[in-house]
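Asks: Handing you this structure, nothing more for now.
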Amino acid sequence: MKQFISFFTVGTVFGIIMTKSEAVSWFRIHEMFRFESFHMYGIIGTAVVLGAIIIALMKRFKVKTWRDTFVGYMPMQLHIPRHLLAGSIFGLGWALMGACPGPMFVLLGQGFGIMALVILGGTLGTYTYGVVKDKLPH
Amino acid sequence: MIAFVIFASSIVDLIRQPWHWSISGVAIAAILFLMTWMGRSFGVSTAFRNFCTMAGAGKRHSFFDIDLKDENWRLAFVLGAVLGGFIAVYFLGSPEAVAISESTLTHLKEDFGMAYPQGDGFLPTDFFNFTSPKGIILSIIGGFLVGFGARYGRGCTSGHAITGLSHLQLPSLITVIGFFIGGLLMTWVIMPLIF
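Protein chains in written order, with our numbering: chain W, 100 to 237; chain C, 67 to 261.
Pasting the structure below:
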C-alpha cells in the first residue's frame, strides 16, 4: 500500500510536469520533428545530461534503493537493425499522435476522451507483438 | 497564517506560468531520480503489456503470463499520471495556449488547413475527436504503432530516451535514432498525404 501511494504520488507529479513542460502537446511534438523550435530538445537534453550525472553519482556512492538493491540497468543485447526498426515503428505512431505512452495517460486526464482509443490501440499493438514476436528478427 | 496563504498562492501563480524548457528538464530528471531511488526503472509502455495480462492474454501467450503484483507500482504511476494531467489543466493551467513557433503555425495553417490555438494547444481536437471517422481510425493506428514499436524495442521515450540514455546505453541511443527516423518519415512524408 505504501508503494502504491508513493508511485501514485510520483505519477501525479509526473502528470503535472508533463503538462506544464508542454511535452504532452501534439503541437510541440510536431514542431520538434520539423526542427522549428528548441523547446523539446532543451527539455530532453537537460533531463538526459542531468539524469546521467544523477545515475553516475548514485552508482558512485552505492546508493541503496527502497528495494535494497543498487542502481543498475538490465543490459540489452545490441542488435542494431532491430533497434532501428522497432524505434521507427514507434516513431511513426509518436509523430502521428503527438504522444508517447506517458503523455497518452496525461492527456486522458486532461479530458481528451479520444486518448482512451489511443491507449486501446497501444494495448492492441502490444498484444500483436506478443503474438507474432517469435516470427520477428530479434 | 495569512503569510502562509499569500506564500502558497504566489507559488501556485508561479507554477501556472508556462515553464522554461530548462525547468522542465530538471523536473523530469527529478522524476528519474525518484523512480530510481524507489527501486524501479522509469518506463511507461510496459503498462500496455499489463493491460493485456489483465484482459487474460496470459492464458494464451506466455509473453503476457506475468505476476501483476510486481507491476502494481507501474499501474499506480500511470493512474497518478492521469490525475496529474487533470490537476495541471484545471488548477495549474497556463493563462495562454502553448506558444509554438511562427513557422510551425504557418505550416499548420497552409499545409494542413489547421487553425491554432485549439483549446490550450495540447491536441488538434478539430481532427482527433469522436465525430471524425478519420480521427478515430488514425488514433487507433497511431496507438497501435506506439504499442507495437515500444514492445518490439523494449521501451518507449521514458525507458530509452530518458532512462536508457542516462545509463549511457548504446541500444537505447540507437532506438532513439529509430524514433526519429519514424517520426521524421511520418511528419514530412506521410502526414502531408493524410492530413
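For every residue, glycine included, the Cβ atom is placed at its ideal position computed from N, Cα and C. Note that this is a predicted model, so its numbers are computed, not measured.
To the nearest angstrom, how far is the alpha carbon of Pro202 (chain W) from that of Lys234 (chain W)?
Replies: Within the first sequence, the letter at position 103 stands for residue 202 (chain W). Within the first sequence, the letter at position 135 stands for residue 234 (chain W). Answer to the nearest angstrom: the Cα atoms are 30 Å apart.
Asks: Return the bridge partner residues of Lys163 (chain W) from the DSSP annotation.
Replies: As a first step, residue 163 (chain W) must be located in the first sequence, where it is residue number 64. The partner list for Lys163 (chain W) (beta bridge, DSSP) reads W:Phe169.
Asks: I'd like to confirm something about Phe73 (chain C): is its beta-carbon nearer than 7 Å to some heavy atom of the ligand MN, or not?
Replies: The model depicted lacks the ligand MN and carries no ligand whatsoever.
Asks: What number of angstroms, rounded off, separates the C-alpha of Phe160 (chain W) from the C-alpha of Val170 (chain W)?
Replies: One-based indexing of the first sequence puts residue 160 (chain W) at position 61. One-based indexing of the first sequence puts residue 170 (chain W) at position 71. Computed Cα separation, rounded: 10 Å.
Asks: Does the pairing of the region 204-213 of chain C with the region 165-185 of chain W give three or more beta-carbon distances under 8 Å?
Replies: Because the criterion of three Cβ pairs below 8 Å is not met, the region 204-213 of chain C and the region 165-185 of chain W do not touch.
Asks: Excluding the 5 residues flanking Leu206 (chain W) on each side, which residues of the same chain have their C-beta closer than 7 Å to its C-beta?
Replies: Locating residue 206 (chain W) in the first sequence gives position 107, where the first residue counts as 1. Once the five neighbours on either side are set aside, the close Cβ partners of Leu206 (chain W) are Val123, Ala198 and Met214.
Asks: In chain order, what residues of the region 158-172 of chain C put their CB closer than 7 Å to some CB of chain W?
Replies: Leu158, Val164, Ile166, Ser167, Ser169 and Thr170
Asks: Spatial neighbours of Pro190 (chain C) within its chain, please: CB distance less than 7 Å, with the 5 preceding and 5 following residues excluded, ordered by chain position.
Replies: Taking the second sequence and counting its residues from 1, one reaches residue 190 (chain C) at position 124. These residues qualify, in order along the chain: Met180 and Gln184.
Asks: Report buried or exposed for Glu51 (chain C), applying the criterion of at least 16 other Cβ atoms within 10 angstroms of its Cβ.
Replies: This structure does not reach residue 51 (chain C), given that chain C is present from 67 up to 261, and the question cannot be answered.
Asks: Quick one: which chain W residues come within Cβ less than 8 Å of Thr223 (chain C)?
Replies: Sequence index remark: in the second sequence, residue 223 (chain C) carries index 157 (1-based). Those are Trp193, Cys199, Pro200 and Gly201, listed as they occur along chain W.
Asks: Please go through the region 107-139 of chain W and give each complete alpha helix (DSSP H) segment of 4 or more residues, from N-terminal end onward.
Replies: 125-132
Asks: In three-state terms, what does DSSP make of Gln83 (chain C)?
Replies: For the purposes of this step, residue 83 (chain C) is taken as residue 17 along the second sequence, with counting starting at 1. Reduced to three states, the DSSP call for Gln83 (chain C) is coil.
Asks: Nearest to Leu156 (chain W) by alpha carbon, out of C:Trp103, C:Met252, C:Gly151 and C:Thr119?
Replies: For the purposes of this step, residue 156 (chain W) is taken as residue 57 along the first sequence, with counting starting at 1. It is C:Trp103.
Asks: Helix or strand or just coil, what does DSSP make of Leu100 (chain C)?
Replies: In the second sequence, the residue the question calls residue 100 (chain C) occupies position 34. In the structure shown, Leu100 (chain C) sits in a helix (DSSP, three-state: H, G or I).
Asks: Could you tell me which of C:Phe193, C:Ile243, C:Thr119 and C:Ala216 sits nearest to Ile260 (chain C), measuring between CA atoms?
Replies: Translated into positions along the second sequence, residue 260 (chain C) becomes position 194. Taking only the C-alpha atoms, the option nearest Ile260 (chain C) is C:Phe193.
Asks: State the start and end residues of the unbroken alpha helix (DSSP H) segment that holds Phe143 (chain C).
Replies: Here the question's residue 143 (chain C) lines up with position 77 in the second sequence. Asn138 to Tyr156 is the extent of the alpha helix (DSSP H) around Phe143 (chain C).
Asks: Just checking: is the beta-carbon of Arg127 (chain W) within a distance shorter than 8 Å of some beta-carbon in chain C?
Replies: Translated into positions along the first sequence, residue 127 (chain W) becomes position 28. Judged by the 8 Å Cβ criterion, Arg127 (chain W) is in contact with chain C.
Asks: Mind pulling the chain C residues with CB within less than 8 Å of Arg159 (chain W)?
Replies: Against the first sequence, residue 159 (chain W) aligns to sequence position 60. The premise fails here: Arg159 (chain W) is roughly 14 Å from chain C at the closest Cβ pair, so nothing lies under 8 Å.
Asks: Taking the alpha carbon of Phe178 (chain C) as the point to measure from, which residue in C:Ile89, C:Ile77 and C:Met257 has its own alpha carbon closest?
Replies: Position 112 of the second sequence, counted from the start, is the residue given in the question as residue 178 (chain C). Phe178 (chain C) has its Cα closest to that of C:Met257, out of C:Ile89, C:Ile77 and C:Met257.
Asks: Thinking C-alpha only, which one of W:Leu223, W:Phe132, W:Met117 and W:Thr227 is nearest Leu191 (chain W)?
Replies: Taking the first sequence and counting its residues from 1, the one referred to as residue 191 (chain W) is at position 92. Answer by Cα proximity: W:Phe132.
Asks: On the three-state DSSP scale, how would you describe Met180 (chain C)?
Replies: Along the second sequence, one-based indexing puts residue 180 (chain C) at 114. Reduced to three states, the DSSP call for Met180 (chain C) is coil.
Asks: If you reduce the DSSP assignment to three classes, tell me which class Asn116 (chain C) lands in.
Replies: For this step, residue 116 (chain C) is matched to residue 50 along the second sequence. Helix.
Asks: Between Gly109 (chain C) and Ser224 (chain C), is the Cβ-Cβ spacing less than 8 Å?
Replies: As a working mapping, residue 109 (chain C) is identified with position 43 in the second sequence. As a working mapping, residue 224 (chain C) is identified with position 158 in the second sequence. Yes. Within cutoff.
Asks: Taking the alpha carbon of Ala165 (chain C) as the point to measure from, which residue in W:Gly144, W:Lys101 and W:Ile128 has its own alpha carbon closest?
Replies: Residue mapping note: residue 165 (chain C) aligns to position 99 of the second sequence, counting from 1. Per the Cα distances, W:Ile128.
Asks: Answer yes or no: does any C-beta atom of chain W fall closer than 8 Å to that of Ser111 (chain C)?
Replies: Here residue 111 (chain C) refers to the residue found at position 45 when the second sequence is read from its first residue. Chain W, which has a Cβ nearer than 8 Å to the Cβ of Ser111 (chain C), makes this yes.
Asks: Please classify Phe114 (chain C) as buried or exposed, where buried requires at least 16 neighbouring CB atoms within 10 angstroms.
Replies: Against the second sequence, residue 114 (chain C) aligns to sequence position 48. By the 10 Å Cβ count, Phe114 (chain C) comes out buried.
Asks: Tell me, to the nearest whole angstrom, how far the beta carbon of Gly110 (chain W) is from that of Val144 (chain C); I am working on the premise that it is less than 8 Å.
Replies: Position 11 of the first sequence, counted from the first residue, corresponds to residue 110 (chain W). Position 78 of the second sequence, counted from the first residue, corresponds to residue 144 (chain C). The beta-carbon separation of Gly110 (chain W) and Val144 (chain C), rounded to 6 Å, stays under the 8 Å limit for a contact.
Asks: Taking just the CA atoms, how far does Tyr218 (chain C) sit from Ala194 (chain W)?
Replies: Counting from 1 along the first sequence, the entry for residue 194 (chain W) is found at position 95. Counting from 1 along the second sequence, the entry for residue 218 (chain C) is found at position 152. Those two C-alpha atoms are separated by around 18 Å.
Asks: Where does the unbroken alpha helix (DSSP H) through Gln209 (chain W) begin, and where does it stop?
Replies: Sequence index remark: in the first sequence, residue 209 (chain W) carries index 110 (1-based). Segment Pro200 to Gln209, the alpha helix (DSSP H) holding Gln209 (chain W).
Asks: Hey, Lys119 (chain W) and Ala154 (chain C): beta-carbon distance below 8 Å or not?
Replies: Taking the first sequence and counting its residues from 1, the one referred to as residue 119 (chain W) is at position 20. Taking the second sequence and counting its residues from 1, the one referred to as residue 154 (chain C) is at position 88. Taking 8 Å as the Cβ cut-off, Lys119 (chain W) and Ala154 (chain C) qualify as a contacting pair.
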